[in-house]
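Working notes, structure below.
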Amino acid sequence: MSLVKNADNINRHEFLKKLGFAGSALAAVYFAGHLQSCTNDRVSPEPTNLTLDLTDPANSALKSNGGYVIKDGVVIARSNTGAYIAATLTCSHEGKNEIMYQTDHFYCTAHGAKYDNAGKGLNSEGKKGIRVYTTSLIDSILTITA
Ligand code: FES
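Under my numbering, residues 140 to 285 are what the sequence shown spells out, in order.
Structure, rendered in structure tokens:
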């Protein structure tokens, strides 16, 4: 896979040189491309009226404190205090979509970032915090909004 990537980079580099890009102009093209890919990699969709029916067996994990489900890029959990909370699936450390809920905090399985129930980072990997969302419960319908 890295061989393919390197071949792609060489081709792009030679292509840009043929277009007349050199030195700092060439670096600017690479830098702009890197920023674009970082932005795309790290943006998870914001929930717009994401709903869960808590009577649906698919959401039964939310009947117990510490349980969680993942839907549409959002981790929805029942916290250690019984509150319904939600956060993005995308970790702020390196953008992996590996957030889960663990007992009383959000946790990333990639490198171990930890975030409290309000999204505040609890260790160096999680120091940037994580995006959390608002939840509201009416009857058995839980709604998550950005
Ligand atoms: S990407 Fe989540 S801890 Fe590194």
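Built from N, CA and C at the ideal position, the CB exists for glycine as well.
Between I209 and the set K202, L191 and I277, the nearest pair of CA atoms involves L191. Taken through DSSP and simplified to helix, strand or coil, L261 comes out as coil. Spanning the alpha carbons of P186 and A197 requires a straight line of approximately 19 Å. Apart from sequence neighbours up to five positions away, the residues of its chain that approach G268 with a beta-carbon distance below 6 Å are G258, K259 and G260, ordered along the chain. Burial check for T229: the Cβ neighbour count within 10 Å reaches 16 or more, so the residue is buried. Of the candidates K235, S203, A226 and T194, the residue whose Cα lies closest to the Cα of F245 is A226. Here A252 is not near N236, since their CB atoms are 9 Å or more apart.
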